[in-house]
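Inspection log for the structure reproduced underneath, given as structure tokens.
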Amino acid sequence: MFNIRGNKQAQGTGHGSLVDEFPQNGEQPSASDPSTSGKESVDSPKPAPKSSLPINLTQKTKRQSNTFPFFSDGLARSRTAQEKVVALEQQVLVLTRELQSQKELVKILHKALEAAQQEKRASSAYLAAAEDKDRLELVRHKVRQIEELGRRVEALEQEREHLVHEAGLREQQVQALQQHVQLLMDKNQAKQQVICKLSEKVTQDFTQPCDQPPKAPAAADMDFLNQQERMEHLKDDIEAYRTQNRFLNSEIHQVSKIWRKVAEKQKALLTKCAYLQARNCQVESKYLASLRRLQEAAGGEASDASESSDLLRQLIQDALQWEASEVSADTVGLNPISEYDEYGFLTVPDYEVEDLKLLAKIQALEVRSHHLLALEAKERPLQERWANLGELVPSAELKQLLRAGIPREHRPRVWRWLVHLRIQHLHTPGYYQELLGRGQSCEHPAARQIELDLNRTFPNNKHFSCPTSSFPDQLRRVLLAFSWQNPTIGYCQGLNRLAAIALLVLEDEESAFWCLVAVVETILPADYYSKTLTASQVDQRVLQDLLSEKMPRLMSHLGQHRVDLSLITFNWFLVVFADSLISDILLRVWDAFLYEGTKVVFRYALAIFKYNEEGILQLQDGLEIYQYLRFFTKTICDSRKLMNIAFSDMNPFPMKQLRQLRAAHRERLEAELRELEQLKAEYLERRASWGRAVPEGCASEEDGEGDA
116 MFNIRGNKQA QGTGHGSLVD EFPQNGEQPS ASDPSTSGKE SVDSPKPAPK
166 SSLPINLTQK TKRQSNTFPF FSDGLARSRT AQEKVVALEQ QVLVLTRELQ
216 SQKELVKILH KALEAAQQEK RASSAYLAAA EDKDRLELVR HKVRQIEELG
266 RRVEALEQER EHLVHEAGLR EQQVQALQQH VQLLMDKNQA KQQVICKLSE
316 KVTQDFTQPC DQPPKAPAAA DMDFLNQQER MEHLKDDIEA YRTQNRFLNS
366 EIHQVSKIWR KVAEKQKALL TKCAYLQARN CQVESKYLAS LRRLQEAAGG
416 EASDASESSD LLRQLIQDAL QWEASEVSAD TVGLNPISEY DEYGFLTVPD
466 YEVEDLKLLA KIQALEVRSH HLLALEAKER PLQERWANLG ELVPSAELKQ
516 LLRAGIPREH RPRVWRWLVH LRIQHLHTPG YYQELLGRGQ SCEHPAARQI
566 ELDLNRTFPN NKHFSCPTSS FPDQLRRVLL AFSWQNPTIG YCQGLNRLAA
616 IALLVLEDEE SAFWCLVAVV ETILPADYYS KTLTASQVDQ RVLQDLLSEK
666 MPRLMSHLGQ HRVDLSLITF NWFLVVFADS LISDILLRVW DAFLYEGTKV
716 VFRYALAIFK YNEEGILQLQ DGLEIYQYLR FFTKTICDSR KLMNIAFSDM
766 NPFPMKQLRQ LRAAHRERLE AELRELEQLK AEYLERRASW GRAVPEGCAS
816 EEDGEGDA
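So the mapping is simple: the working numbering equals the position in the sequence shown, first residue as 1, plus 115.
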């Protein structure tokens with residue numbers, strides 16, 4: 116403890132005489148008795164400085180006089196009052212530091228005393244313990260204390276290493292700063308040398324005698340004057356250019372303000388134009404709906420109303436042929452409803468029934484109005500979010516963006532990324548070309564069926580219905596390559612539509628092939644396209660259970676009229692709505708389907724029935740319900756409403772429940788299939804036991820051969 120005190124005093128004061136004063140006077144307590152030392156230091160901390168003050172002042176005075184050997188003692192006595200005050204302030208500072216070190220020493224001694232007392236109490240408790248069990252518990256307690264202290268020491272050691280590391284970093288920073296300072300000092304020294312040389316030159320010029328005659332200007336002096344004159348002219352030109360630049364900048368600023376105002380006004384006018392066009396589409400759709408109701412009402416009237424029927428037919432024909440492009444060129448040009456959308460699908464569905472063509476035009480107008488109204492409010496902010504998304508990584512934000520739909524310009528890139536996530540363990544460079552080469556060497560058994568289905572693929576899409584299009588050939592190669600790649604499935608009707616959707620979006624047959632592989636082999640269950648279509652049948656039964664849970668009123672109504680929904684919904688699941696929804700909604704479904712899986716198909720299947728629930732409940736005949744269910748998915752125009760129903764109104768929708776329902780229905784279906792196979796085997800056995808005997812009275816096939 117004496118060493119600690121001495122070191123702290125030496126560091127705090129910097130004067131050896133003040134530090135050594137305490138051990139010489141015998142006031143420093145010995146380290147052998149910590150309790151006594153603690154009491155003495157607490158009771159009498161102040162006498163030590165008082166007793167040592169005259170000696171310290173005397174020694175300091177002698178030291179100061181010895182440091183100036185060229186001055187006499189009289190000068191030291193005749194110091195001014197200000198110097199004495201400074202000396203006293205220094206002594207007060209020294210004594211303050213001395214007192215602080217004493218206080219720190221007292222604190223240390225107190226801690227040592229407390230530790231000694233705790234040790235004494237522990238030893239007394241150990242000796243006072245009556246049984247070995249109590250002593251053993253005391254020893255265990257001490258062991259736990261030692262372990263705790265060990266952990267604290269380790270933590271402090273780690274902290275020390277961290278601080279040493281930080282100190283090293285700071286040292287490197289200091290060295291870098293020192294090098295920078297050295298560079299600045301060298302630079303400053305060089306500048307000082309230049310200044311000194313220039314000063315010497317100026318001094319020499321001034322010290323030159325004035326009575327010497329002026330020398331004739333040399334050629335160098337004439338060049339210098341010319342250069343100086345040219346510099347003056349250049350300065351005038353620069354000032355003129357600056358003035359002109361300020362004027363042009365002010366003009367550009369004014370033009371920019373005017374341009375911004377015009378752009379804002381143009382944007383407002385375009386928004387208003389889109390709104391008016393949407394309202395026009397709504398009014399026209401209402402007009403056509405009124406004509407359709409009149410047409411339905413006129414169908415049941417007597418034949419004497421033929422004139423009104425002809426007039427109504429003429430109005431309907433005019434409405435179907437009218438387009439917004441017939442507006443005069445002087446008015447604001449509205450975007451007419453084009454025949455095909457951006458992916459080549461017919462905007463107005465081509466229904467076979469003549470009475471439904473008016474309904475198709477109404478549907479197209481409603482789709483157009485919903486698109487125009489949502490363009491400014493929702494589509495543009497969504498496009499900005501996709502543009503600022505950057506690198507694609509799985510996240511909750513990406514999930515919400517995919518559910519809202521991918522803009523057309525980003526959809527190929529995002530789909531390729533989604534497909535790569537699914538098939539990165541299957542993808543091999545050059546594998547697709549290898550499969551195509553295998554198909555050229557020998558014909559696949561499914562090639563004939565593929566060829567028959569090519570002409571049935573999306574007849575309402577110009578890319579597959581046009582004879583000169585390259586899409587059918589690409590689709591043929593994709594399906595043949597998949598049939599070689601997966602011989603278990605080979606080819607199944609429905610795969611052509613899946614591959615066609617991938618081709619329309621990705622515009623590359625190899626990417627479309629891997630997209631088909633991702634859907635069939637990684638997203639959908641393993642036996643979805645098997646010969647028995649087991650997983651597809653299981654999903655139909657699961658959908659029935661979910662509809663009974665989410666929409667019991669609708670299922671009760673369908674049950675009363677004995678409507679089997681699987682006749683309608685089986686194809687939804689088999690081709691992921693490819694034949695059912697309009698292209699805008701269909702591709703939004705696929706955006707989420709490629710990321711989240713088959714759960715999205717169930718969500719949208721439930722949402723479709725919820726969207727049209729009231730319309731179905733109004734039908735009171737089973738045949739009418741079947742006819743309505745054949746095309747009611749094409750009447751869905753509001754994609755935002757359908758998406759909110761699928762991902763908000765259908766909640767909660769846990770994946771655990773879906774797995775449990777699939778497992779239960781698969782077990783029942785497999786039991787039914789086994790029972791069916793058993794019945795089939797029994798029938799074949801009975802038939803084999805009957806033989807080929809011809810009953811009496813029946814002619815045999817062999818009779819009459821000789822007469823021929």
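We put the beta carbon where it would ideally sit given N, CA and C, even for glycine.
CB contact flag (residue i, residue j, <8 Å)
{"i": "Leu497", "j": "Pro522", "result": "yes"}
{"i": "Ala650", "j": "Trp687", "result": "no"}
{"i": "Asn611", "j": "Leu595", "result": "no"}
{"i": "Val657", "j": "Leu773", "result": "yes"}
{"i": "Ile740", "j": "His676", "result": "yes"}
{"i": "Leu517", "j": "Asp706", "result": "yes"}
{"i": "Leu680", "j": "Leu673", "result": "yes"}
{"i": "Arg718", "j": "Met765", "result": "yes"}
{"i": "Leu569", "j": "Trp599", "result": "no"}
Assigned exposure category for residue i - 16 Cβ within 10 Å defines buried
{"i": "Tyr241", "result": "exposed"}
{"i": "Gly730", "result": "exposed"}
{"i": "His578", "result": "buried"}
{"i": "Leu278", "result": "exposed"}
{"i": "Gly520", "result": "buried"}
{"i": "Val653", "result": "buried"}
{"i": "Val691", "result": "buried"}
{"i": "Val632", "result": "buried"}
{"i": "Pro587", "result": "buried"}
{"i": "Ser695", "result": "buried"}
{"i": "Cys752", "result": "buried"}
{"i": "Glu213", "result": "buried"}
{"i": "Met109", "result": "Coverage of the chain is limited to positions 116 through 823, which leaves residue 109 absent and any answer about it impossible."}
{"i": "Gly448", "result": "Residue confidence for Gly448 is low, a pLDDT of 42 falling below 50, so the modelled location carries little weight and cannot support an answer."}
{"i": "Cys607", "result": "buried"}
{"i": "Ile310", "result": "exposed"}
{"i": "Arg703", "result": "buried"}
{"i": "Ile261", "result": "exposed"}
{"i": "Arg592", "result": "buried"}
{"i": "Gln293", "result": "exposed"}
{"i": "Gln655", "result": "buried"}
Proximity winner among the options, relative to residue i (alpha-carbon distances)
{"i": "Thr647", "options": "Ala796, Ile604, Ala615", "result": "Ile604"}
{"i": "Ile538", "options": "Leu224, Val634, Glu728, Val207", "result": "Val634"}
{"i": "Glu524", "options": "Ile353, Arg553, Glu494", "result": "Glu494"}
{"i": "Ile616", "options": "Gly459, Tyr726, Ala561", "result": "Gly459"}
{"i": "Met666", "options": "Arg677, Phe708, Ala562, Ile723", "result": "Ile723"}
{"i": "Asn576", "options": "Arg275, Leu618, Asp351, Leu224", "result": "Leu618"}
{"i": "Glu624", "options": "Thr750, Gln548, Gly283, His225", "result": "Gln548"}
Nearest-angstrom Cα separation, counted from residue j out to residue i
{"i": "Val716", "j": "Gln381", "result": "42 Å"}
{"i": "Thr543", "j": "Leu536", "result": "14 Å"}
{"i": "Leu384", "j": "Lys376", "result": "12 Å"}
{"i": "Leu363", "j": "Ile373", "result": "15 Å"}
{"i": "Asn303", "j": "Gln290", "result": "20 Å"}
{"i": "Lys235", "j": "Glu246", "result": "19 Å"}
{"i": "Ser804", "j": "Glu785", "result": "29 Å"}
{"i": "Leu533", "j": "Tyr455", "result": "27 Å"}
{"i": "Gln742", "j": "Gln793", "result": "37 Å"}
{"i": "Leu541", "j": "Thr637", "result": "10 Å"}
{"i": "Asp148", "j": "Ala202", "result": "Unreliable placement is indicated for Asp148, whose pLDDT of 44 sits below 50; the coordinate value is still reported in the next sentence. Cα to Cα, Asp148 sits roughly 38 Å from Ala202."}
{"i": "Ala334", "j": "Gln343", "result": "14 Å"}
{"i": "Val221", "j": "Met300", "result": "49 Å"}
{"i": "Glu281", "j": "Ile223", "result": "29 Å"}
{"i": "Arg267", "j": "Leu228", "result": "21 Å"}
{"i": "Lys218", "j": "Glu252", "result": "38 Å"}
{"i": "Asn601", "j": "Ala693", "result": "22 Å"}
{"i": "Ala237", "j": "Ala244", "result": "11 Å"}
{"i": "Ala641", "j": "Glu272", "result": "58 Å"}
{"i": "Glu269", "j": "Val258", "result": "16 Å"}
{"i": "Leu791", "j": "Val620", "result": "43 Å"}
{"i": "Glu366", "j": "Ala378", "result": "18 Å"}
The ligand COA heavy atom lying under 7 Å from the CB of residue i
{"i": "Ala334", "result": "Of the ligands one can find in the structure shown there are none, so the ligand COA has no counterpart to examine."}
Identity of the residues DSSP links to residue i by a beta bridge
{"i": "Glu455", "result": "The sequence shown places Tyr at residue 455, rather than the Glu named in the question. Looking at the DSSP assignment, Tyr455 forms a beta bridge with Leu461."}
{"i": "Asn576", "result": "Phe460"}
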